[in-house]
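S.K.: First the structure, which I've put down as structure tokens, then a few questions once you've had a look.
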Amino acid sequence: MIPSTRTQEHWYLATLGRDALLRELAPLKLPASTTDDPLSLSGRCVIAEPIGHPEAHQAAQRALSPLRTARTFTATVTDEDTTLEFTGVVPVLTEREAGGVTGWYAELLLFEHGALLNKAAYRLSRMPDDRTWIIDSDFQPSGHPGTLQPFGSRRLGRKRTLLPSFVAQLDHLIAQGPGSAA
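Numbering of the sequence shown is given in the working numbering, commencing with residue 2 and proceeding in unit increments.
Okay, structure coming up:
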């Protein structure tokens, strides 16, 4: 099952878009009890009505702007006897510079087709000396980050990477240039 637009928006605001959402909501001076839980906050913002809660609705819409132009792909992952299909949503894929070195930066939402709860969100980088995409940040099912490393960091310890199916899709999107994914 391909994720609905609302599901994509909810997961994006709970993970990759959370900082932007909190910035947009800051003028509303919401209590910390409202903003502490990423899943609850994003759920409230996604369903906020333009008439009943215009400020929250507008804040969510501004925070969702990268998702509006996201590129998507479908990838199949085979693990022993199991084949899983995923939809990948890439809100950001761009070149960035850190410490005088230019590399690629991507944000990736993954949704497994067979289960509504199996989703992932990553911030990724690929510097010139990297052979593959490195996971700089990943998010737990609660929406809270599990790993946080800034783009272009020295990456101490074991480098976590994406599965080859997803690497191939991101490389394909880079090769396509600007625009939507096929």
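Just so you know, even glycine gets a beta-carbon here, dropped at the ideal spot from N, CA and C.
May I have the straight-line CA-CA distance separating His11 from Asp130, to the nearest angstrom?
M.R.: Along the sequence shown, read from residue 1 onward, the residue named residue 11 stands at position 10. Along the sequence shown, read from residue 1 onward, the residue named residue 130 stands at position 129. Roughly 35 Å separates the two Cα atoms.
S.K.: Quick check on the DSSP output: what are the complete alpha helix (DSSP H) runs of length 4 or more inside the segment 29-107, in order along the chain?
M.R.: 33-36, 39-48, 55-64 and 66-69
S.K.: For Phe1, list the residues DSSP reports as bridge partners.
M.R.: In the structure as shown, the chain starts at 2 and stops at 183, and residue 1 therefore has no counterpart that could be examined.
S.K.: Which residues in the same chain as Glu108 place their Cβ atom closer than 6 Å to its Cβ, once the five residues preceding and following it in sequence are excluded?
M.R.: For the purposes of this step, residue 108 is taken as the residue at position 107 of the sequence shown. Contacts found: Leu17, Pro92, Val93 and Arg124.
S.K.: For Glu96 and His114, what's the separation of their Cα atoms in angstroms?
M.R.: Start at 1 with the first residue of the sequence shown, and residue 96 comes out as number 95. Start at 1 with the first residue of the sequence shown, and residue 114 comes out as number 113. Computed Cα separation, rounded: 30 Å.
S.K.: Please determine if the segment 13-32 and the segment 51-67 are in contact, where contact requires at least 3 C-beta pairs separated by less than 8 Å.
M.R.: The segment 13-32, when compared against the segment 51-67, does touch it at the 8 Å Cβ threshold.
S.K.: Taking DSSP as the reference, what is the three-state secondary structure of Arg127?
M.R.: Counting from one through the sequence shown, the residue named residue 127 turns up at place 126. In this structure, Arg127 counts as strand in the three-state DSSP scheme.
S.K.: Output yes or no for whether 7 Å exceeds the beta carbon distance between Leu150 and Asp139.
M.R.: Position 149 of the sequence shown, counting from 1, holds the residue named residue 150. Position 138 of the sequence shown, counting from 1, holds the residue named residue 139. Residue identity differs from the one stated: residue 150 is Gln in this sequence, not Leu. No. Outside cutoff.
S.K.: Count the other CB atoms, across all protein chains shown, that sit within 10 Å of the CB of Val102; report buried if there are 16 or more and exposed otherwise.
M.R.: Here the question's residue 102 lines up with position 101 in the sequence shown. Exposed, by the Cβ-count rule.
S.K.: Using 10 angstroms around the beta-carbon of Ile135, count the other beta-carbons present and answer buried if the total reaches 16, otherwise exposed.
M.R.: Residue numbering aside, residue 135 sits at position 134 when the sequence shown is read from its first letter. By the neighbour-count rule (16 or more Cβ atoms within 10 Å), Ile135 is buried.
S.K.: If I'm right that Ser43 touches Ala15 with Cβ under 8 Å, what's the distance once you round it to whole angstroms?
M.R.: Counting from one through the sequence shown, the residue named residue 43 turns up at place 42. Counting from one through the sequence shown, the residue named residue 15 turns up at place 14. The Cβ separation is near 4 Å, so the contact holds.
S.K.: What does DSSP give as the partner residues of Ala176 in its beta bridges?
M.R.: Residue 176 sits at position 175 when you count from the first residue of the sequence shown. None, per the DSSP bridge assignment.
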